[in-house]
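Quick mapping for you: the protein sequence lines, in order, are chains A and B. Under UniProt numbering, the first residue of the first sequence is numbered 1, with each subsequent residue one higher. Under UniProt numbering, the first residue of the second sequence is numbered 1, with each subsequent residue one higher. Below: the structure, in C-alpha cells.
Protein chains: 2
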Amino acid sequence: MNDFGRRSAEINDLLCILNVLNWDARTQMPAGGSSARAQQLATLSALAQEKLLDPAYEAAARAVDGDDVETRAAQQALDAIAALRRIPAELTRELALLKSEAQEVWARARAASDFGLFAPQLTRMVELNRQLAEALGYEGHPYDALLNLYEPGLTVETLLPLFERLRDHHVPLLRAIQERPQPRTDFLHAHYPAAQQKRVSLALAKQFGYDTSRGRLDESAHPFEISFTRQDVRITTRFQENFLPGALFGTLHETGHALYEQGVRPELSRTVLASDLPGLYAVGGASYGTHESQSRLWENRIGRSRAYWNLHFPHLQNIFPRQLADVDTAAFHRAVNTVRPSLIRVEADELTYDLHIMLRVELERALIGGELAVKDLPEAWNARIRSDLGLDVPDDARGVLQDIHWSAGMFGSFPTYTVGNVMASQFYAAATEQMPELEDTLRRGEYTPLREWLTDNIYQHGRTYTPHELLTRVTGRGLDPQPYLDYLSGKYGELYGLDIQKEQTA
Amino acid sequence: MNDFGRRSAEINDLLCILNVLNWDARTQMPAGGSSARAQQLATLSALAQEKLLDPAYEAAARAVDGDDVETRAAQQALDAIAALRRIPAELTRELALLKSEAQEVWARARAASDFGLFAPQLTRMVELNRQLAEALGYEGHPYDALLNLYEPGLTVETLLPLFERLRDHHVPLLRAIQERPQPRTDFLHAHYPAAQQKRVSLALAKQFGYDTSRGRLDESAHPFEISFTRQDVRITTRFQENFLPGALFGTLHETGHALYEQGVRPELSRTVLASDLPGLYAVGGASYGTHESQSRLWENRIGRSRAYWNLHFPHLQNIFPRQLADVDTAAFHRAVNTVRPSLIRVEADELTYDLHIMLRVELERALIGGELAVKDLPEAWNARIRSDLGLDVPDDARGVLQDIHWSAGMFGSFPTYTVGNVMASQFYAAATEQMPELEDTLRRGEYTPLREWLTDNIYQHGRTYTPHELLTRVTGRGLDPQPYLDYLSGKYGELYGLDIQKEQTA
Numbered sequence: 001m002n003d004f005g006r007r008s009a010e011i012n013d014l015l016c017i018l019n020v021l022n023w024d025a026r027t028q029m030p031a032g033g034s035s036a037r038a039q040q041l042a043t044l045s046a047l048a049q050e051k052l053l054d055p056a057y058e059a060a061a062r063a064v065d066g067d068d069v070e071t072r073a074a075q076q077a078l079d080a081i082a083a084l085r086r087i088p089a090e091l092t093r094e095l096a097l098l099k100s101e102a103q104e105v106w107a108r109a110r111a112a113s114d115f116g117l118f119a120p121q122l123t124r125m126v127e128l129n130r131q132l133a134e135a136l137g138y139e140g141h142p143y144d145a146l147l148n149l150y151e152p153g154l155t156v157e158t159l160l161p162l163f164e165r166l167r168d169h170h171v172p173l174l175r176a177i178q179e180r181p182q183p184r185t186d187f188l189h190a191h192y193p194a195a196q197q198k199r200v201s202l203a204l205a206k207q208f209g210y211d212t213s214r215g216r217l218d219e220s221a222h223p224f225e226i227s228f229t230r231q232d233v234r235i236t237t238r239f240q241e242n243f244l245p246g247a248l249f250g251t252l253h254e255t256g257h258a259l260y261e262q263g264v265r266p267e268l269s270r271t272v273l274a275s276d277l278p279g280l281y282a283v284g285g286a287s288y289g290t291h292e293s294q295s296r297l298w299e300n301r302i303g304r305s306r307a308y309w310n311l312h313f314p315h316l317q318n319i320f321p322r323q324l325a326d327v328d329t330a331a332f333h334r335a336v337n338t339v340r341p342s343l344i345r346v347e348a349d350e351l352t353y354d355l356h357i358m359l360r361v362e363l364e365r366a367l368i369g370g371e372l373a374v375k376d377l378p379e380a381w382n383a384r385i386r387s388d389l390g391l392d393v394p395d396d397a398r399g400v401l402q403d404i405h406w407s408a409g410m411f412g413s414f415p416t417y418t419v420g421n422v423m424a425s426q427f428y429a430a431a432t433e434q435m436p437e438l439e440d441t442l443r444r445g446e447y448t449p450l451r452e453w454l455t456d457n458i459y460q461h462g463r464t465y466t467p468h469e470l471l472t473r474v475t476g477r478g479l480d481p482q483p484y485l486d487y488l489s490g491k492y493g494e495l496y497g498l499d500i501q502k503e504q505t506a
Numbered sequence: 001m002n003d004f005g006r007r008s009a010e011i012n013d014l015l016c017i018l019n020v021l022n023w024d025a026r027t028q029m030p031a032g033g034s035s036a037r038a039q040q041l042a043t044l045s046a047l048a049q050e051k052l053l054d055p056a057y058e059a060a061a062r063a064v065d066g067d068d069v070e071t072r073a074a075q076q077a078l079d080a081i082a083a084l085r086r087i088p089a090e091l092t093r094e095l096a097l098l099k100s101e102a103q104e105v106w107a108r109a110r111a112a113s114d115f116g117l118f119a120p121q122l123t124r125m126v127e128l129n130r131q132l133a134e135a136l137g138y139e140g141h142p143y144d145a146l147l148n149l150y151e152p153g154l155t156v157e158t159l160l161p162l163f164e165r166l167r168d169h170h171v172p173l174l175r176a177i178q179e180r181p182q183p184r185t186d187f188l189h190a191h192y193p194a195a196q197q198k199r200v201s202l203a204l205a206k207q208f209g210y211d212t213s214r215g216r217l218d219e220s221a222h223p224f225e226i227s228f229t230r231q232d233v234r235i236t237t238r239f240q241e242n243f244l245p246g247a248l249f250g251t252l253h254e255t256g257h258a259l260y261e262q263g264v265r266p267e268l269s270r271t272v273l274a275s276d277l278p279g280l281y282a283v284g285g286a287s288y289g290t291h292e293s294q295s296r297l298w299e300n301r302i303g304r305s306r307a308y309w310n311l312h313f314p315h316l317q318n319i320f321p322r323q324l325a326d327v328d329t330a331a332f333h334r335a336v337n338t339v340r341p342s343l344i345r346v347e348a349d350e351l352t353y354d355l356h357i358m359l360r361v362e363l364e365r366a367l368i369g370g371e372l373a374v375k376d377l378p379e380a381w382n383a384r385i386r387s388d389l390g391l392d393v394p395d396d397a398r399g400v401l402q403d404i405h406w407s408a409g410m411f412g413s414f415p416t417y418t419v420g421n422v423m424a425s426q427f428y429a430a431a432t433e434q435m436p437e438l439e440d441t442l443r444r445g446e447y448t449p450l451r452e453w454l455t456d457n458i459y460q461h462g463r464t465y466t467p468h469e470l471l472t473r474v475t476g477r478g479l480d481p482q483p484y485l486d487y488l489s490g491k492y493g494e495l496y497g498l499d500i501q502k503e504q505t506a
C-alpha cells in the first residue's frame, strides 16, 4: 500500500468508528452516556478532519500515479480537501455550535408547536448556510453549492424542470385517485406483536440477500442503515404493535441501503471510494440520491408489488392468522399501496411523498436565495399544503416544524429523496431491458438475479463514479423521470381503476 | 480547561472509544466484521499512543501547576510517557505481531491439546517479555517490571512471603475440608432458562446499586465489565442453562467492577485519573488488584454469604420453584460455597482459586527469571497440580494450555486476582470497623451504606492513588493477608464443621 492508500485507510477507519459510536448511541447506549458520547464523537470527528487536511495527505494524493480507480480516489480526496479548505474555520465552528443549539430549540418548538420559538435559530441557520454556499462556490444558484454536498453535480437548473414534470403528473393523478373509493386498511392496525414482526422482517430482508453474517437488525426510534466497511452493515427498524407496515417496509427500505453497502467491491474497503470525505461519513454509495434509489427500489418497486405479495402474503397470514383472517392478497396489496394526502412526510405514500419533498425543496431554495424570509415560511408552507394536498395545517408541529433537517443544517438534502425515486425507476427499467427474464424471476421470489445485476452495475463501484456518470453508464442517459412516471401511472391506474393516457417519453 | 486537561480529555475520549469498539466486538458484532474491526482498533490505538507521546503533551504536563490532584495526574502522565519511551519501537511492533499470532496458535494448540504446537510462540513471548522487563527497568527481579504494569509498586519481594502465608493456610484447610462429607450440588445443574436467569441477575445487580441509567447487562462468551466514562459502564455475563451459579455470581462479580467505575468522581471523567495510560485503557480503578478486590468483595464476601441468601433465596425459589423444590437456604448456601479441587481455574471455588493463581505466578516468574525453560513447563505445571490439589492433569488442554493470558503476552497479571482477594478482606474489615452497624444493614439487604463507604474511600478516587497508598489510607496498613485468612477459615470452618485454631495477627 502506498502512502495515499495508508492514509486513506486510516481516515476510513476513523469514519467507520464514528459510525460504530453513532450506531451504539442510537440502539444500545444507556441514557446517561449521551454527553460523554457527544464528546467522544467531537474528538474523533476533529481527528478525522485533521487527518484529511494534513498537508502530507494532499501531497500523497498528488503523488498518486496509479490505475484509473486510484486516480479517481486521489482526485476525490483532493476535491474534498479543497472544498473543506474553502470553508473558514470560524464558519465551521459557528455552524457546529448552532446545529447542536438549534436542534434542541427545534425539539422544544415542535413540542410546543411554536414556530416563533425556532425562528431566530432558523434565521441564523439560513444565514450561515448562505455563507457556506458562498464559501464553497457555485455557478448558477447558491443552493447548487449545498445540493452538491449531498448529490454531487446536481443543480437547480436540472432540478426545477424535473420537479415541474413530476408535479404536473402527480397532482392530477392524486386528484383522480381521490375521486375513487378507498380500500380497507383497518386490518393493518390490528395488534401485531413486536417479536413476530421482527422475525418476519428479518426473514424478508434475508430473502432479498441481506447477509446477516455481515449485518444485524435492531430496533431504534428512527430506522436507519449504517456500515463499518462492507463486512459489517447494520440496519434498524421500529416496531409499532398497532401498525404492521411500519416495521415491515421500514426493514425492506433499510435492506435496500444495506445491499448497496454489502455489495461494494472488497478492494474498495478502507479507501476513499468507500467514504464520503467532505461529509466525513463512511458510506459506500455514489450519493444520497443513488443510495435512496436502492432503498426505494427494494421497498417500493419490489416490496409493494403485487408479485411480491402473491408469493409472501400466505406466509404472512400464517404468522398473523387472526389479524389477517378476512384479508386476501389483493386486499393486502391495495392496503399497503393506499394513496391518501396527509400532513406528515414520513407517513406519506409513494405518490404524495414527492409532493412533500418538492414543497420543502422549493421553500429551502427560496430561503437560501433570499427570496423568502423565515418569518413568512409557515404561511408559505401552509399555502402549499393546501394547494398540493388539499389539507389545512392545524399547527406548526404538523407543519413547518415536523422535520429535523433544517435545525441540523441539512439544506440541500431533501431533493435526494425524490431524485432517488426517479433513479430507482431508471435503474429498474434498465435491468428489465437487459434481463428480459427479470419479472419472471421476481414472480418466483428469486431476488438474486436482480441483486447481482445491481451489484455489478451499481453497488460494487462504491463512490467510484458521480451519480450522473453512474446513471449514464447504466441507463444510457442522465436523470429522466419518464420511467418513474410510467411506473406510478401504471400502478395506481390499475389499483384505483383509472383510465390513464400514458404520457409519451420526451 | 488548560492545555494538559484538554489533551488528557482527548486521550481519554480515544481510550473510551477503544472500549466501545471492544464491547461491540464481544457482544454485538457479526462474525464478518472481525478483520475490519481489528484494523479500526489498531488505527485508534496507534493514534492514542501518538497523542500520549506527543512532545506537546509532555510539555503541557510539565507546565501543570495546579492542586494536588492535578499534579498527581500530570505526574502519572509523565511516568507513563517515560515508561512508554523506554520501550524500543521495534519491541512494541514485534510484541503486537507476536500477540496476534500467538493467540491464534494457542487456540489451535488448546483445541488439539498439544503444548508442542504452542511452545515456539511461548518461548518467543517469554523472550520478548524479558526484553520488555529490561527496557522498563527494575530494581529486584525482572518480573517486578511486568508486575508494575498491572499492580503499580508490587514486587516479587512483597509477593513471595504473601503467597507463602496463603499457601501455608490454604493447603491444610483444603485437606481438612476434603476429609469432610461434600454437600449436595445436583440442583445447581437443573434446567434454568436463560431469560429468567437474566432477569434475576439484573435485579440482584441493581440491588447492589448498579445504575442501569448508566449501564446495561448483555451476554458474552466470557463475562466482563467495561466503561466509557462513569456515565456508561456495561457488564456482561454468560448464561448456562444447566448451571445456575455461573451467570448469577458472574453478574455479581462484574457488578463489583461496575460499582467501582460508576463511583469514580465526576470531576475525574476525561482525565488521566480515569485512564490507565501505560496500558492505554480507559479504566477508573487504582490497579487490576484493586479492581478485582471490588468484584470479589461483592461476589464472594456479600454474594456468597449466608446473610445474603437468607434474604434472597426465597425470591430465587419463587422464580425457579421446580428446580429448587427440595432445597432450603442452608443447602443452597452450602452448595454455592462447595470447595472441590478442580483442574480449571475459572471454575474453581474461592479457596482453590488462589492455589491456581499462585501456581501460575510462580511458573511465570521462573520463566521470566530464566530459571524455568518453556519445554519443562508442562511437567512443572502438572507436578504442582498434583502436590497442591491432588489431581492428575489428563491433557495439556486442561492443564498448561487452559488460559489465554500467556499467548496474549500478559505476564504479571495473574497475581492481581489473589492480591484482589487479600485487599477485599482488608477493605471489608476496615468498613466493619468503621461502621459497626454494617453487618446489620447487610442482613436487612441494605447495600447502600457499604457501597457509599466504598465510594467515599475507594471508588471516587479513580486512579488518584497507587494501590499501596489507597490501602494504607483506608486500612492503615499495606498488603496484609490476615483478614482474608480469618475470613476463609471462619467461613469454611463453619460450613464444613471444622475445628480451626485461628492464626493470630502477625
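Where a beta carbon is used, it is the ideal one built from N, C-alpha and C, also for glycine.
Q. Can you tell which of Phe-4/B, Gly-476/B and Gly-33/B has the C-alpha that lies nearest to the C-alpha of Glu-433/B?
A. Gly-476/B
**Q.** Alpha-carbon spacing of residue 529/B relative to Ala-102/B, whole angstroms
**A.** Given a span of 1 to 506 for chain B in the structure shown, any question on residue 529/B remains unanswerable.
Q: Name the two residues that bound the continuous beta strand (DSSP E) containing Arg-234/A.
A: Arg-234/A -> beta strand (DSSP E) spans 233-237.
**Q.** Backbone CA spacing between Ala-318/A and Ala-274/A [nearest angstrom]
**A.** Rather than Ala, the amino acid found at residue 318/A in this sequence is Asn. Taking the straight line from one Cα to the other gives about 41 Å.
Q. Whose C-alpha, out of Leu-355/A, Pro-321/A, Arg-62/A and Arg-301/A, is nearest the C-alpha of Pro-193/A?
A. Pro-321/A
**Q.** Cross-strand partners of Ser-227/B (DSSP beta bridge)
**A.** Val-233/B
Q: Using the Cα positions of Leu-98/B and Ala-383/B, report the straight-line distance between them to the nearest angstrom.
A: 29 Å
**Q.** Neighbour flag for residue 548/A against chain B, beta carbons, 8 Å
**A.** The structure shown does not extend to residue 548/A, since chain A is modelled only from 1 to 506, so the question has no answer here.
Q) CB Met-435/A to CB Thr-290/A, shorter than 8 Å? A) no
Q: Compare the C-beta of Ser-213/A with all C-beta atoms of chain B and state if any pair is closer than 8 Å.
A: Output row for Ser-213/A: interface = yes.
Q) Under 7 Å Cβ-Cβ, which residues of chain A neighbour Ile-17/B? A) Ile-17, Leu-21, Gln-40 and Leu-44
Q.
Extract the residue ranges of the alpha helix (DSSP H) inside the stretch 361-419 of chain B, only unbroken runs of 4 or more that lie entirely within it.
A. Listed in chain order, they are 377-389.
Q.
I'd like to know if Leu-147/B contacts chain A, where contact means its C-beta is closer than 8 Å to some C-beta of that chain.
A. no
Q. Span of the beta strand (DSSP E) holding Leu-217/B?
A. 217-219
Q | DSSP state of Tyr-465/B mapped onto helix, strand, coil | A | Tyr-465/B falls in the coil class under three-state DSSP.
Q | Reduced DSSP category for Asn-19/A - H, G, I as helix; E, B as strand; rest coil | A | helix
(Q) Once the 5 residues before and after Gln-504/A are set aside, which same chain residues still bring their CB inside 7 Å of it? (A) Residue confidence is low: Gln-504/A scores 43 on pLDDT, short of 50, so the model does not pin down where it sits. Its coordinate-derived value is still stated next. Correct list: empty, nothing qualifies.
Q.
Can you tell me whether Gln-504/A is helix, strand or coil according to DSSP?
A. Because the pLDDT of Gln-504/A is 43, which lies under 50, any placement of that residue in the model is unreliable, and the number read from its coordinates should be weighed accordingly. Secondary structure at Gln-504/A: coil, using DSSP grouped into helix, strand and coil.
(Q) Could you tell me the alpha carbon to alpha carbon distance between Glu-437/B and Leu-471/B, rounded to whole angstroms? (A) 22 Å
Q. So is Arg-86/B in contact with chain A if we call contact Cβ pairs under 8 Å?
A. no
Q.
Against chain B, does Gly-33/A count as a neighbour if the rule is that its beta carbon must be under 8 Å from one of theirs?
A. yes
Q) Applying a beta-carbon distance threshold of less than 9 Å, which residues of chain A neighbour Arg-180/B? A) Chain A residues near Arg-180/B: none, gap ~46 Å exceeds 9 Å.
Q: Check whether the Cβ of Ile-385/B sits closer than 7 Å to any heavy atom of the ligand FMN, and report yes or no.
A: With respect to the ligand FMN, the structure offers nothing, as it holds no ligand at all.
(Q) Within 8 Å, do at least three Cβ pairs link the stretch 409-422 of chain B to the stretch 387-397 of chain B? (A) no
Q.
Could you compute how far the alpha carbon of Arg-6/A sits from the alpha carbon of Ala-46/B?
A. One C-alpha to the other measures close to 13 Å.
Q | When Gln-49/B, Thr-158/B and Thr-43/B are compared against Gly-478/B, the one with the closest alpha-carbon | A | Thr-158/B
Q: Please confirm whether Trp-23/A and Leu-401/A have their CB atoms less than 8 Å apart.
A: Contact flag unset, no.
Q) Got a sec: is the Cβ-Cβ distance from Met-435/A to anything in chain B below 8 Å? A) no
Q. Which residues in chain B sit within 9 Å of Arg-216/A, going by Cβ to Cβ distance?
A. Gln-28, Met-29 and Pro-30
Q. Count the other CB atoms within 10 Å of the CB of Asn-390/B; is the residue buried (16 or more) or exposed (fewer)?
A. For the sequence presented, residue 390/B should be read as Gly rather than Asn. Per the 10 Å Cβ criterion, exposed.
**Q.** Under 7 Å from the C-beta of Glu-10/B: neighbouring residues of chain A
**A.** Thr-43
Q: Determine whether the Cβ of Gln-196/A lies closer than 8 Å to any Cβ atom of chain B.
A: no
Q. Is it true that the stretch 487-499 of chain A meets the stretch 171-188 of chain A, where meeting means three or more beta-carbon pairs spaced less than 8 Å apart?
A. yes
Q. With distances taken from CA atoms, which of Tyr-459/A, Lys-51/A and Leu-44/A is nearest Gly-263/A?
A. Tyr-459/A
Q.
Any beta carbon from chain A within less than 8 Å of Leu-495/B's own beta carbon?
A. no
Q. For Asp-3/B and chain A, any beta-carbon pair shorter than 8 Å?
A. no
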